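Participant: Numbers 1 to 341, taken from the UniProt record's numbering, label the letters of the sequence shown in order.
Heads up, the beta-carbon is just placed ideally off N, CA and C, and yes, glycines get one too.
Fair warning: this is a prediction, and the values are worked out from it, not measured in the lab.
Below is the structure I would like to discuss, written out as structure tokens.
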Amino acid sequence: MTKLLFNLWNDLDKFDLGDSNIRPGVYLGQKAAYLEKTGSAIFLRDEITFDCFRLQAEVAIPKQVGFIGLVFGAKDLHNYELVYLAPVEIQYDPIMNDSMTWQIYNGPLYQKPLPNTTGKWVKFSIEVQPNGVAVYMGENASPQLIIPNLQHGGFVGKVGFWGYLPSYIRNLSVEKIQPTPIIKREKNLKQLITETFVTEWMVSMPYLKGEQPAAENNWTKAFVEENGTLNINRIHKVGQGISVQTKSTFTIPEEKETFLTFGFSDHLRLWVNEEEIYQGDWRWNPPGSDGRIRCDFAGIPVRWRAGLNTIRAEITHDEFFGWGLSIKTGLSDMSFITDES
């Protein structure tokens with residue numbers, strides 16, 4: 001069999017519903033499944049073994065705020081690929097260690113603005129290939145968004161759907177398709193260094209907000225994502241009010257002053273050469289802030305020493321939309337010596 005079809009109003013028994021409270025509903029005269037403030041994936045019980053497939057459904061968002069998406073490549077209940085539709089955009093949002101990551105994966109590589117889709121039924125499709133996914137809307141033969149780097153590595157796992165706040169979905173299908181190469185976009189750390197990103201970090205074990213990391217802490221070496229952001233969700237399971245420390249050590253040949261810029265989520269304390277230079281919050285609080293991590297969110301002039309320099313940060317997680325840090329030093333001649341010391 002190369003195609004499976006689920007109407008979702010009388011065959012929900014074929015899915016693991018968990019505590020989603022999903023139920024049959026009707027919207028604009030069409031029978032559908034109704035989701036309301038779930039925020040978790042609903043997986044088809046049967047495994048899909050297709051290497052390449054189209055996952056498609058009709059979806060509707062009845063109010064000005066709502067999200068409905070398609071899930072694939074699930075390694076487990078806590079790590080899977082998600083592409084969702086919001087009223088005015090498409091967003092790629094890989095779930096890592098139980099956390100959404102859209103605040104990390106933002107910008108034109110991962111998002112596509114749309115005309116407002118509120119209050120109407122639309123066809124939403126993704127074509128999954130081994131290295132990437134193409135996203136389609138309606139009957140348009142051209143993809144709205146192509147993601148050439150799947151953050152879970154193109155893992156073939158369970159499929160399903162996802163919703164948050166009021167949304168509807170009907171006529172979900174999974175169909176085997178022919179391979180269509182999507183050229184992988186390689187992460188280029190050398191280019192990021194040229195752009196003065198800090199690319200190498202040591203990350204502590206988590207600890208409770210307001211406390212101090214253990215004196216004998218186990219540190220994990222980590223490299224930034226392709227967009228220059230340190231993704232802590234990839235390393236540690238999230239928890240509200242949980243902090244980690246990160247540190248990077250490097251040398252430069254001579255003393256220099258630059259304008260250091262950075263972005264983060266959710267709360268940051270920042271030290272340069274053990275002098276605290278910043279403390280602040282940035283989280284999802286629309287319409288004033290979206291909490292997305294952007295390397296130019298804030299900036300501070302810094303006088304660097306000739307020789308050894310350190311950057312240390314404490315990042316606290318307060319919401320489940322992304323946990324990380326992005327820093328550009330303005331230095332073009334950094335030599336990283338980050339290790340476990």
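Spatial neighbours of TYR80 within its chain, please: C-beta separation below 8 Å, excluding the five flanking residues on both sides.
Facilitator: Here residue 80 refers to the residue found at position 80 when the sequence shown is read from its first residue. Correct list, in chain order: ALA41, VAL71, PHE72, GLY73, ALA74, PRO94, ILE95, HIS152, GLY157, LYS158.
Participant: Taking all protein chains shown into account, decide if ASN21 is buried (16 or more other Cβ within 10 angstroms of its Cβ) or exposed.
Facilitator: For the purposes of this step, residue 21 is identified with residue 21 of the sequence shown, where counting begins at 1. The Cβ neighbour count for ASN21, taken over all protein chains shown within 10 Å, is under 16; the residue is labelled exposed.
Participant: Looking at LEU230 and THR246, is the spacing between their C-beta atoms short of 9 Å?
Facilitator: On the sequence shown, residue 246 is found 246 positions in, with the first residue counted as 1. On the sequence shown, residue 230 is found 230 positions in, with the first residue counted as 1. It is a contact, given that the beta carbons lie within the stated cut-off.
Participant: Keeping to the same chain, check which residues put their C-beta closer than 6 Å to that of TYR34; ignore five residues upstream and five downstream.
Facilitator: Numbered from its first residue, the sequence shown carries residue 34 at position 34. For TYR34, where only same-chain residues beyond five positions count, the Cβ hits under 6 Å are ARG23, GLY25, TYR168.
Participant: Who does MET334 pair with in a DSSP beta bridge?
Facilitator: What you label residue 334 is simply residue 334 of the sequence shown in a count that begins at 1. None, per the DSSP bridge assignment.
Participant: Let me check one thing: in DSSP terms, what residues is PRO286 bridge-paired to?
Facilitator: In the sequence shown, residue 286 corresponds to position 286, counting from 1. None; PRO286 has no bridge partner.
Participant: Going by DSSP, what residue range makes up the alpha helix (DSSP H) through GLN191?
Facilitator: By 1-based counting over the sequence shown, the position of residue 191 is 191. Segment 189-194, the alpha helix (DSSP H) holding GLN191.
Participant: Since ASN61 is in the beta strand (DSSP E), which residue starts that stretch and which ends it?
Facilitator: As a first step, residue 61 must be located in the sequence shown, where it is residue number 61. Before going further, note that residue 61 is Ile rather than Asn in the sequence given. Unbroken run through ILE61: none, as it is neither H nor E.
Participant: Please name the residue, chosen from PHE43, GLU211, ASP11, that lies closest to ALA32 on a Cα-to-Cα basis.
Facilitator: Counting from 1 along the sequence shown, the entry for residue 32 is found at position 32. The shortest C-alpha separation from ALA32 is found at ASP11.
Participant: Less than 9 Å separating the beta-carbons of TRP282 and GLY263?
Facilitator: As a working mapping, residue 282 is identified with position 282 in the sequence shown. As a working mapping, residue 263 is identified with position 263 in the sequence shown. Taking 9 Å as the cut-off, the Cβ atoms of TRP282 and GLY263 count as close.
Participant: Quick check: the Cα distance between TRP121 and PHE6, rounded to an integer number of angstroms?
Facilitator: Against the sequence shown, residue 121 aligns to sequence position 121. Against the sequence shown, residue 6 aligns to sequence position 6. Taking the straight line joining both Cα atoms gives about 17 Å.
Participant: Is it true that the stretch 76-91 meets the stretch 197-208, where meeting means three or more beta-carbon pairs spaced less than 8 Å apart?
Facilitator: no
Participant: For PRO24, report the span of its beta strand (DSSP E) as first-last.
Facilitator: Along the sequence shown, one-based indexing puts residue 24 at 24. It spans 23-27 - the beta strand (DSSP E) in which PRO24 sits, taken as one unbroken run.
Participant: Is ILE104 near GLY322, with beta carbons less than 9 Å apart?
Facilitator: As a working mapping, residue 104 is identified with position 104 in the sequence shown. As a working mapping, residue 322 is identified with position 322 in the sequence shown. Yes. Within cutoff.
Participant: Which residues bound the beta strand (DSSP E) around PRO301?
Facilitator: The residue given as residue 301 occupies position 301 in the sequence shown. 298-304 is the extent of the beta strand (DSSP E) around PRO301.
Participant: Can you give the Cα-Cα distance for ASP51 and GLN129, rounded to whole angstroms?
Facilitator: Position 51 of the sequence shown, counted from the start, is the residue given in the question as residue 51. Position 129 of the sequence shown, counted from the start, is the residue given in the question as residue 129. Taking the straight line from one Cα to the other gives about 7 Å.
Participant: Measuring straight from C-alpha to C-alpha, what distance separates GLY241 and GLU58?
Facilitator: Locating residue 241 in the sequence shown gives position 241, counting from the first residue. Locating residue 58 in the sequence shown gives position 58, counting from the first residue. Taking the straight line from one Cα to the other gives about 38 Å.
Participant: Using 10 angstroms around the beta-carbon of THR194, count the other beta-carbons present and answer buried if the total reaches 16, otherwise exposed.
Facilitator: As a position in the sequence shown, residue 194 is number 194, starting the count at 1. Classification for THR194: exposed.
Participant: Could you pull the start and end residues of the beta strand (DSSP E) that GLY201 belongs to?
Facilitator: On the sequence shown, residue 201 is found 201 positions in, with the first residue counted as 1. As written in the sequence, residue 201 is Trp, which differs from the Gly given in the question. Note, TRP201: beta strand (DSSP E), 200-203.
Participant: Answer with buried or exposed for ASN218, where buried requires no fewer than 16 other C-beta atoms within 10 angstroms of its C-beta.
Facilitator: To locate residue 218, count along the sequence shown from 1; it is residue 218. Looking at its Cβ environment, which holds fewer than 16 other Cβ atoms inside 10 Å, ASN218 is exposed.
Participant: Alpha carbon to alpha carbon, how far is GLY107 from ILE327? Give it in angstroms, no decimals.
Facilitator: Looking up residue 327 in the sequence shown gives position 327. Looking up residue 107 in the sequence shown gives position 107. So the alpha carbons of these two residues sit roughly 17 Å apart.
Participant: Since VAL244 and VAL203 should fall inside the 8 Å C-beta cutoff, what is the C-beta to C-beta distance between them, to a whole number of angstroms?
Facilitator: Position 244 of the sequence shown holds residue 244. Position 203 of the sequence shown holds residue 203. That pair is a contact at about 6 Å.
Participant: Beta-carbon of GLY138 versus every beta-carbon of chain C: anything under 9 Å?
Facilitator: Absence of chain C from the displayed structure is noted, only one protein chain being present.
Participant: Measure the alpha-carbon distance for TRP102 versus GLN111 and round it to whole angstroms.
Facilitator: Here residue 102 refers to the residue found at position 102 when the sequence shown is read from its first residue. Here residue 111 refers to the residue found at position 111 when the sequence shown is read from its first residue. Rounded to the nearest angstrom, the two C-alpha atoms are 9 Å apart.
Participant: Got a sec, what are the start and stop residues for the beta strand (DSSP E) ARG292 sits in?
Facilitator: Position 292 of the sequence shown, counted from the start, is the residue given in the question as residue 292. Boundaries cannot be given for ARG292, as no beta strand (DSSP E) includes it and DSSP labels it neither H nor E.
Participant: What does the alpha-carbon distance come out to for the pair PHE9 and PRO148?
Facilitator: Counting from one through the sequence shown, the residue named residue 9 turns up at place 9. Counting from one through the sequence shown, the residue named residue 148 turns up at place 148. Checking the sequence shown, residue 9 turns out to be Trp, not Phe. Annotation: TRP9 to PRO148 spans about 34 Å, alpha carbon to alpha carbon.
Participant: Just verifying my parser: in three-state terms, what is the DSSP assignment at residue 372?
Facilitator: The chain is shown only over 1 to 341; residue 372 falls outside these bounds and no answer can be derived.
Participant: Specify, as a first and last residue, the run of the beta strand (DSSP E) that HIS317 falls within.
Facilitator: Counting from 1 along the sequence shown, the entry for residue 317 is found at position 317. Here the beta strand (DSSP E) through HIS317 covers 307-317.
Participant: In or out: PRO166 buried (at least 16 other Cβ within 10 Å) or exposed?
Facilitator: Residue numbering aside, residue 166 sits at position 166 when the sequence shown is read from its first letter. So PRO166 ends up on the buried side.
Participant: Mind checking GLU225: buried by the 16 CB within 10 Å criterion, or exposed?
Facilitator: In the sequence shown, the residue the question calls residue 225 occupies position 225. Counting Cβ neighbours within 10 Å, GLU225 comes out buried, since at least 16 surround it.
Participant: Could you compute how far the alpha carbon of PRO113 sits from the alpha carbon of ARG312?
Facilitator: As a working note, residue 113 is residue 113 in the sequence shown. As a working note, residue 312 is residue 312 in the sequence shown. Cα to Cα, the separation comes out at about 35 Å.
Participant: Rank MET137, ILE337, THR118 by C-alpha distance to the C-alpha of ASN62 and give the top, closest one.
Facilitator: Translated into the one-based positions of the sequence shown, residue 62 becomes position 62. Before going on, a small fix: residue 62 reads as Pro here, not Asn. The shortest C-alpha separation from PRO62 is found at THR118.
Participant: Contact defined as beta carbons within less than 8 Å: I believe GLU274 pairs with THR310. What is the distance between those atoms, to the nearest angstrom?
Facilitator: Within the sequence shown, residue 274 is the residue found at index 274, counting from 1. Within the sequence shown, residue 310 is the residue found at index 310, counting from 1. Confirmed, Cβ separation roughly 7 Å.
Participant: For my contact list, LEU331 and LEU268 are in at a C-beta cut-off of 8 Å; report their separation, rounded to the angstrom.
Facilitator: The residue labelled residue 331 in the question sits at position 331 within the sequence shown. The residue labelled residue 268 in the question sits at position 268 within the sequence shown. That belief does not hold up - the Cβ atoms of LEU331 and LEU268 are roughly 20 Å apart, past 8 Å.
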